[in-house]
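All you need for the numbering used here is the position in the sequence shown, starting with 1, plus 372. Even for Gly, the Cβ is constructed at its ideal location relative to N, Cα and C. What follows is a set of notes on a single structure, which appears directly below.
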Amino acid sequence: LNRVIYLGGFSKTLAANLRVGFIATSHEMAIRLSDRKMLTTLTTTEICERVVYKILSEGRYRKHVDRLRGKLDGVRDKTMRQLERVGLTVDISAPAGMFVWADAGCDTTVLTEKGLEQGYLFAPGSLFSPNQLPSTRTRINVASMADPGVLRFLESELAKA
């Protein structure tokens, strides 16, 4: 750990708004970084930190992540097929995880704006660009595709493009 700093968090696996993270590094670097954090940002609430500690120390987190992984694995392939059926080209380079990338063949910022009007939230590729350039790619949460209305919306909008 003398030449490595590893950062992680729990917002995608425990709760979307849980802002508790961790760092694995040398003791000296951890002290320097924690001092910097205290000077530059707000701290997380102690109750959230205690909840995460309890989950981790009792072995519940690994079981939870294993269940979550199983659920995502169960819907990922189906979601990818559905997205391709409505006209997106899905990137299959990431065989695991909660997100897939797809090419819509049109500006996904416009698609996202239209989706918001219908109550659907997408993550256009421009959000992940350092200069916010328009993109035909979008990041999709596979777990959020259970609503058939999302697929109907995508199919309808992509047919117009």
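Item	Value
Measuring CB atoms only, is the region 417–430 touching the region 448–456, in the sense that at least three cross pairs come out at less than 8 Å?	no
In three-state terms, what does DSSP make of L386?	coil
Report yes if the C-beta distance between R509 and A474 is below 8 Å; otherwise report no.	yes
With DSSP as the reference, identify every bridge partner of D475, one or two as the case may be.	T461, R509
Taking only three categories from DSSP, how would you classify Y492?	coil
For A466, which residues in the same chain have their Cβ closer than 6 Å to its Cβ, ignoring the five residues on either side in sequence?	none
Below 8 Å on the Cβ atoms is my guess for S501 versus S507; work out the distance and round it to an integer in Å.	6 Å
In terms of alpha-carbon separation, which member of V376, T385, N389 lies closest to I427?	T385
State the DSSP-derived secondary structure class of G393, mapped to helix, strand or coil.	strand
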